[in-house]
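Okay, structure first, notes after.
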Amino acid sequence: MQKLRLRYAKRGRLRFTSHRDVARAFERALRRAGVPMAYSQGFNPHPKISWIGAAPTGVASEAEYVELQVVQALDPDRLAQVLDAALAPGLDVLEAVQAGPGGLAERMEASRWRIALPGIGAPELAAAVDALMATEHVEVERLTKDGRRLIDARPAVISAEVVDSAELAADSPDAVGIDMSDAGRSCGILVVVVRQTTPAVRPDDVLSALRVVAALEPPVPAKATRMAQGRLDDGGGLTDPLAHDRAAIG
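Our numbering numbers the first residue of the sequence shown as 38 and each following residue consecutively.
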């Protein structure tokens, strides 16, 4: 068997798609593309697919990862091409590599999120971020299937910076997931690196923390996009989780 690792994006309206529906869409696309999947044993065999830290429903992503096992050796670039063609627009396969040694999940230490807040100016957002970073603990309330629970969102936030949407061109890759349709409306952009903890701290938890420390209330819903996942480096950036796989094959 061959193991392959894919990076894909979840864009546009498909950010509202649940992980379960994304998984079903991938399984259908794999069948349509004729990918020779490996299957589990037992009464009800399933294709060997492993999902790595899927983004929550309602957010976009440029950095989702999945592992596939196949029973015939495939060219990763060709697999990415045919699978992307079989998926709906908005679920876009960006890269495929043959898996090298080591697990992929252990390389996912943190995520970098870009959160657009229409109606919130950069100065107001920057003041709220300063208040958050100056606070050691910020408890926020989350509604779960078992009821409401409090989580401390602050320790997971590694870094946060603010840019103004006017600095981003509408056709720039950095504008993915940001509504630029009203150029006259202020739109603060928060770029935040969040450690992947248990329980996970999500973009809406970061926004709740800003509400707690600075009473920040966006007039319209924010739009969040995961831009990267990986291990934290010494400078607080994120390493590419597929770099080890490329190096092992190369």
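All C-beta atoms in this analysis are idealised placements derived from N, C-alpha and C, irrespective of residue type, glycine included. Note that this is a predicted model, so its numbers are computed, not measured.
Check: Where does Ser55 fall in DSSP's three states?; Outcome: coil
Check: Please classify Ala193: does DSSP put it in a helix, a strand, or coil?; Outcome: helix
Check: Check this for me: beta carbons of Ala100 and Leu269, under 9 Å apart or not?; Outcome: no
Check: Which first and last residues belong to the beta strand (DSSP E) in which Ser148 is found?; Outcome: Ala147 to Pro155
Check: Does DSSP put Glu101 in a helix, in a strand, or in coil?; Outcome: strand
Check: Just tell me which of Thr54, Val249, Cys224 and Glu198 has its CA closest to the CA of Val230.; Outcome: Glu198
Check: In the DSSP output, what is Asp129 paired with across the bridge?; Outcome: Ala46
Check: Below 8 Å on the Cβ atoms is my contact criterion, and I expect Arg172 with Val250 to pass it. Report the Cβ-Cβ distance as a whole number of Å.; Outcome: The sequence shown places Thr at residue 172, not Arg. Contact holds; Cβ gap of about 6 Å.
Check: Which of helix, strand or coil does DSSP assign to Ala62?; Outcome: helix
Check: Between which two residues does the alpha helix (DSSP H) carrying Met170 extend?; Outcome: Ala159 to Met170
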